[in-house]
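Structure record follows, encoded as structure tokens.
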Amino acid sequence: MAPLEYTPLATIEQYHGDLHRTFMSNKCRPEAYRKEQLIRLAWLLEENVARFQDAFYRDLGRPKVETPFLEVSIMVKACIYALKNLHKWMKTDYAPFDMVSGPMRPRVTKEPKGVALIIGPFNYPLWCTISPLIGAITAGCPCMIKMSELVPSVSALVTELVDKHLDRDAYRVVNGAVDETSKLLELRWDQIFFTGSGRVGKIVAAAAAKHLTPVALELGGKSPVFFDSTVDFDTAARKVLWGKTINAGQTCIAPDYVLVPEDCMERAAAAFKKAYDSFYPDGARRSDSFARIVDHKSFSRLKDVMDRSKAELVCGGETDEETKFIAPSVYKNVSRDDSLMEGELFGPILPIVSVKNVQEAVEYVRNGESPLAVYVFTNDSKTKEYIRTMTRSGSFVVNDVVVQAGTDSTPFGGVGSSGCGAHHGRAAFDMFTHERTMVESPNWLHMVMKWREPPYTANNYARLALLANASIPYTKPGTQPSLLYSIWVRVFGAGFVVMLAAAAAQNLKQRE
């Protein structure tokens, strides 16, 4: 595979102009064109699984079984889902008929917003670029993709395959670092989709604001896990540790920390130790089922957090700077001001924090920023609903972790500091689509409504007032219904009951 070459700044500007001209030509609008590109994209992924596995192993040390499971196969299925539903998504929506606007046949057409920019991250460079790309294709938008320079093998492969298999007039991949990204953000786009840190997300949003460009941000945050005393700790610990160790914890929706009742701390810690020993009987370093940290800068950040922690180590703890290895590390009795709780960990480190009860756990989460996910392990329906209604997050998952990322039929996105906007299936189509209101006034309607024009005579005003009058069919809060209204309701209700009784009696008579 050829090494990753950064895209010249002049070429970026040229690509931008080419994509704009393609959009203006309406080339991407036809449903048949969109479907062909989706089919090409699906085969692009399906036929290159082995190459993606090798590329991810070189960049992230990712186990080969994780790449199809976490990214490639999921995106192939997403293409198929979009192909099956595209015709329905593109349909014009007609408004319900009413006497005022009905003759004008108000409706909403689904129009492509324009030329889109997708900026992808290092941790899931396929999932976080292909998913919004599917949305851009289904919406009829030409698109430029900026891959992460931190995963050069994957980025070079994506560049090669998109350039070879998709329409080069409509879809381009660029590579680079800060200079190239800055150049992209100087240009005017019609929709931007960014995945990454909150710090860079603010830069992207500020750049988009200069052109009033709508932007979707998929960020992250400290996604909490709630345990209560009703759970099977062994099963829950295995699920959470799996979610924390895939891709070496470098997952935006990875469980960040666990909240457990004080009297369950030791049970939870023992369950995580048992799960760790089961996953890595010879240790994570020797295992071919555990990835590595993306670069030395990220390794140093995580190592510093671990070194400054005052919590008790339950399992893991080993590190190796040369290979950027950090073992899955679980800590118990973690205080709220510990280094492990300073920010999103984004690595294979899992703190366990004790709480007195679920109310204290909820209050702790509410006092922080809104995470991308909230995970709850409980067999108590009241506890589940209490946590759901008292917290705010991009998604809410009960008795599992991370699995929400694999559903095409529901939106995926954040709220508050964890992001804005969503993708996946219909949500991705909607993100790149402008819902354009259309009304069509028939010629004869002008003759009926000539009284809306000056001069505003008393006769015309009376007609206009009749048209504009709105009768509120609800009782004003704080007032009692009128006596006449109450009598009418009771008479109508009694009559309805009589009708039901008569119908029942007639039915009974027929049976006899």
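With the UniProt record's numbering applied, the sequence shown covers 1 to 512.
Note that CB positions come from ideal geometry on N, CA and C, so glycine has one too.
Going by DSSP, what residue range makes up the alpha helix (DSSP H) through residue i?
i	result
M265	265-279
V215	Element bounds for V215: not the alpha helix (DSSP H) but the beta strand (DSSP E), 215-218.
A291	Counting along the chain, A291 falls outside any alpha helix (DSSP H), and DSSP gives it neither H nor E.
Q250	No alpha helix (DSSP H) holds Q250; DSSP gives it neither H nor E.
T383	381-390
C79	73-90
R172	Per DSSP, R172 belongs to no alpha helix (DSSP H); it is in the beta strand (DSSP E), 171-174.
R40	31-46
R58	49-60
K110	Unbroken run through K110 is the beta strand (DSSP E), 107-112; no alpha helix (DSSP H).
T11	9-24
P455	Careful: P455 lies outside any alpha helix (DSSP H) and carries neither H nor E.
Q359	358-366
When you compare each of the options to residue i by their alpha carbons, which one comes out closest?
i	options	result
R168	V108, A206, L41, I253	L41
V199	T213, E218, H211	Note that residue 199 is Arg in the sequence shown, not Val. Of the candidates T213, E218, H211, the one whose C-alpha sits nearest the C-alpha of R199 is E218.
D277	N469, S339, R238	R238
R426	L83, T378, D179	L83
E262	K297, L4, Y171, K332	K332
D282	L302, G316, A271	G316
I352	P63, S153, V225, C128	V225
G201	T410, N459, A462, A216	A216
L150	Y474, N123, T109	N123
H434	L464, W89, D18	W89
R308	S287, V334, S289	V334
N175	S395, V439, G120, R285	G120
S339	S354, P411, M306	M306
T251	R366, L60, K476	L60
residue 513	Y6, I137, N469, F23	Here the chain covers residues 1 to 512 and nothing more, so residue 513 does not appear.
S300	K324, I39, K222	K324
S25	A275, A170, S73, P477	A170
M447	P103, Y57, N367	P103
L212	T410, K113, N367	K113
E180	T7, N85, F23, S73	T7
G196	S471, N469, G419	G419
Which stretch, first to last residue, makes up the beta strand (DSSP E) that contains residue i?
i	result
M438	433-438
Y474	That residue, Y474, is in no beta strand (DSSP E); it is neither H nor E in DSSP.
C143	143-146
C315	312-315
T181	Not the beta strand (DSSP E): T181 falls in the alpha helix (DSSP H), residues 178-186.
A373	373-377
S339	From DSSP, S339 is part of no beta strand (DSSP E); its letter is neither H nor E.
P351	349-355
L259	257-261
Return yes when the Cβ of residue j is within less than 7 Å of the Cβ of residue i, no when it is not.
i	j	result
T111	R436	The question names Thr, but residue 111 is Glu in the sequence shown. Closer than 7 Å, so yes.
T249	G406	The sequence given here has Gly at residue 249, not Thr. For G249 and G406, no; Cβs fall outside 7 Å.
L345	D256	yes
L117	M147	no
V178	T159	no
F227	R267	no
T230	D380	yes
D408	H423	no
P142	V115	yes
residue 538	V204	Within the shown structure, residues of the chain are numbered from 1 to 512, placing residue 538 beyond reach of any answer.
L126	R51	no
F429	Q191	no
T319	K303	yes
A55	S131	no
L4	S182	no
G140	R21	no
R107	M438	yes
V402	I253	yes
Q359	L166	no
R463	W444	no
Could you tell me if residue i is buried or exposed, where buried requires 16 or more neighbouring beta carbons within 10 angstroms of its beta carbon?
i	result
H87	exposed
F69	exposed
P96	exposed
M265	buried
residue 513	Summary: the structure shown does not reach residue 513, with the chain confined to residues 1 through 512, and so no result is reported for it.
I293	buried
K459	This sequence places Asn at residue 459; Lys is not what is there. With fewer than 16 other Cβ atoms within 10 Å, it is exposed.
V258	buried
K222	buried
T129	buried
Heavy atom of the ligand FAD less than 6 Å from the Cβ of residue i, yes or no?
i	result
A205	The model depicted lacks the ligand FAD and carries no ligand whatsoever.
How about the segment 179-187 and the segment 388-395: do they share at least three Cβ pairs that are nearer than 8 Å? No, because fewer than three Cβ pairs between the segment 179-187 and the segment 388-395 fall closer than 8 Å, the two stretches do not touch.
If contact is defined by three or more beta carbon pairs under 8 Å, each pair taking one atom from either stretch, is the segment 361-375 in contact with the segment 40-52? Result no; under three Cβ-Cβ pairs closer than 8 Å.
Within 8 Å, do at least three Cβ pairs link the segment 240-258 to the segment 321-333? Verdict: yes, contact present.
Are at least three pairs of beta-carbons, each pair with one atom in the segment 70-80 and one in the segment 301-312, less than 8 Å apart? Contact fails between the segment 70-80 and the segment 301-312, because fewer than three Cβ pairs, one in each stretch, are under 8 Å apart.
Meets three-Cβ-pair contact criterion under 8 Å: the segment 407-421 and the segment 353-371: Segments in contact, yes.
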